[in-house]
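Numbering (my numbering), first residue to last: 234 to 330.
Just so it is clear, CB atoms sit at the ideal spot from N, CA and C, and this is done for glycine as well.
Structure first, commentary second.
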């Protein structure tokens with residue numbers, strides 16, 4: 234019998250157990266999107282996650298790697314924190330919608 238490791242924040246499956254459960258993992262991850270750690274000798278070696286989550290992580294890393302985008306994001310956050318925002322009505326008036 235394979236040993237399964239569990240903690241509150243992460244699901245772990247041994248490689249043997251992951252192989253056995255692979256057909257059901259897409260449904261499981263559709264219900265509760267997360268990453269599942271696959272272990273070998275009780276140490277995480279792989280992660281299985283929904284494709285949308287993977288793409289989101291990659292996109293986030295790409296944005297974080299762009300200095301100009303990160304500065305624009307920081308400025309936007311400062312603007313919101315300091316109340317420099319517009320209502321939807323103001324935007325529609327400005328754009329003549």
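If you run the structure through DSSP and keep just helix, strand and coil, what is residue 235?
-> Residue confidence is low: residue 235 scores 43 on pLDDT, short of 50, so the model does not pin down where it sits. No coordinate-derived value is stated.
Let me know the secondary structure DSSP gives residue 259 once reduced to three states.
-> The answer is helix: DSSP assigns residue 259 an H, G or I state.
Nearest candidate by alpha-carbon position, reference residue 251, set 292, 282 and 265 | Closest by alpha carbon: 282.
Given that a residue counts as buried once 16 or more other Cβ atoms are within 10 Å of its Cβ, and exposed if not, what is residue 329?
-> Residue 329 sits exposed, since fewer than 16 C-beta atoms from the chains shown fall within 10 Å of its C-beta.
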